[in-house]
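**Student:** First residue of the sequence shown? That's 5 in this note's numbering, and the numbers climb one at a time after it.
Ideal Cβ positions, reconstructed from N, Cα and C, are used throughout, including at glycine.
Please read all numbers here as calculations on a predicted model, not as lab measurements.
Here you go, one structure.
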Amino acid sequence: MIEKYAEIIGEDELDSIVKIAEKLKGVSVLHINSTPSGGGVAEILSKLVPLMRELGIETDWKVIRGDKDFFTVTKSFHNSLQNGFGELPKGAFEIYNKWQEINGNELDLDYDIIFIHDPQPAGLIKFRKKGKWIWRCHIDISNPYEPVWNFLKQYVQQYDSIIISSPVFGRDDLIKPQYIVPPSIDPLSIKNRPIPEITVRRILYKFDVDPDRPIITQVSRFDRAKDPLGVIKTYKLVKRHTDVQLVYVGSPASDDPEGEIVYNETVQAAGSDKDIKLLMLPPNSDLEINAFQRGATIVMQKSIKEGFGLTVSEALWKEKPVIGGNTGGIPLQVINNVTGYLVTTPEEAAHYTLYLLRNTNIRERLGKNGKEHVRKNFLITRELRDYLMVASLTGS
Ligand code: UDP
């Protein structure tokens, strides 16, 4: 299976990955996160873990458990760390610690190298018995809400090294090594591999979307950081001038209890416009996501806060120009007038959407550049190599 990537990345690149992996033979690796599906982390782990195993590295993936209170707390951490302000549920730190305790006692943590993904399981470091621990932070921690960051930092400081997604997230108050590893997409997955035009059309028809009229698509959980209301506003501004449809595809994640509330807010903002499709697909609707991204005329990722935004690379890989929020990891992917446009307000987003809808040749140019940019920088094989490097550097 792994040799199939050679066609995309070249033999030399693949050989270098195999060579690094050889150094880790006999080492046991564990990844821990907080949801088996939904969101970018689960997406990456579901591809990365099998590849690590295929390279002969003994790799496991475990998911912590928690109740609604715990995930409400961790979502408030997530929001306040990214927004710089926040409101925490009563007893937040105690609830967080209680579930670290429960998971720490239940999980077998007897591994040589442990990657802990994001804040939700970060406190498990208290239960380290052996091995090197790496905190892999997928979110924007450049301007965190201090009370939450100070709480989390007591754990983060105990890790042997830290991985962040973009240089702009680097923190001067951490003394351990901080490695920069942007996330990635799997070009061979059902979500990203080429599919026939007829399949794209069939899926669009199934959801009552007309493949022959222009389409703006955003694929995102219903989360305020993804600015669904800003997307609706953008669409409404564009719609004043030209025919267009909006498809917002979201799906629930078990560690995100806010999805339903935000979905309802979005439904209300959309009103009765028949050209707005707000779709709540079941998790793992990968073929549908592939089709919606390929069927789009323009892909939007109008986030207000974003760790990376895998959906951006997914769209660029499908040669779609992306209008992306100028935040977090999006500027690594959206380069102005090269792969898309960076925006802040719905007005800016509407301006560039109209510009792209009116200029097929520019859409094509940006789309081609986008695919090449992802091929060079944001494919799973590059992230795999980086993880192996960090594992060997941290382990040695
Ligand atoms: N996703 C999906 N179905 C949806 C919404 C999102 O499969 O309805 C996927 C999306 O294709 C991407 C991941 O979930 O692979 C979201 O990752 P991203 O980094 O964009 O955002 P996150 O949810 O991690 O904040």
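(1) For N16 and P186, what's the separation of their Cα atoms in angstroms?
(2) Give the range of the alpha helix (DSSP H) segment to which Y239 is assigned.
(3) Under the assumption that I145 contacts F173 (Cβ atoms under 8 Å), give the Cβ distance between them as a whole number of angstroms.
(4) Under 7 Å from any heavy atom of the ligand UDP, does the C-beta of I6 make it?
(5) With distances taken between CB atoms, is the gap from E318 to A229 smaller than 8 Å?
(6) In chain order, which continuous runs of the alpha helix (DSSP H) of length 4 or greater are located wholly inside the stretch 100-165?
(7) Please tell me whether H142 and V45 are closer than 8 Å, where the distance is taken between their beta carbons.
(8) Are the CB atoms of V33 and D116 within a distance shorter than 8 Å?
(9) In chain order, what residues of the same chain lie with their CB nearer than 6 Å to the CB of N330, ignoring the 5 residues before and after it?
(10) Spatial neighbours of I168 within its chain, please: C-beta separation below 7 Å, excluding the five flanking residues on both sides.
(11) Quick one: does the C-beta of K195 sit closer than 7 Å to a heavy atom of the ligand UDP?
(12) Do the stretch 270-280 and the stretch 296-312 touch if we need at least three Cβ pairs shorter than 8 Å?
(13) For the stretch 43-92, which segments carrying the beta strand (DSSP E) assignment without a break, of at least 3 residues, lie completely within its bounds, in sequence order?
(14) For Y163, which residues of its own chain have a beta-carbon under 7 Å away from its beta-carbon, when the five flanking residues on both sides are left out?
(15) Does the ligand UDP have a heavy atom nearer than 7 Å to the CB of T315?
(16) Have a look at G332, F81, Y9 and flag the residue whose alpha-carbon is nearest the alpha-carbon of G95.
**Tutor:** Based on what the coordinates show:
(1) The sequence shown places Asp at residue 16, not Asn. Going by the C-alpha atoms only, they are around 21 Å apart.
(2) Segment 232-243, the alpha helix (DSSP H) holding Y239.
(3) Confirmed, about 6 Å.
(4) Taking non-hydrogen atoms of the ligand UDP into account, the C-beta of I6 is found less than 7 Å away from none of them.
(5) No, Cβ-Cβ distance for E318 and A229 is not below 8 Å.
(6) Correct list: 150-160.
(7) In this structure, H142 sits near V45, with a CB-CB distance shorter than 8 Å.
(8) Annotated as proximal: D116 and V33, with beta-carbon spacing under 8 Å.
(9) Hits under 6 Å: L346, T348.
(10) For I168, where only same-chain residues beyond five positions count, the Cβ hits under 7 Å are C141, G174, Q182, I184.
(11) In terms of side-chain proximity, the C-beta atom of K195 is found nearer than 7 Å to a non-hydrogen atom of the ligand UDP.
(12) The stretch 270-280 vs the stretch 296-312: no contact.
(13) Runs found: 62-67.
(14) The residues are I129, W137, I138, W139, K180.
(15) A heavy atom of the ligand UDP is found nearer than 7 Å to the CB of T315.
(16) Between G95 and the set G332, F81, Y9, the nearest pair of CA atoms involves F81.
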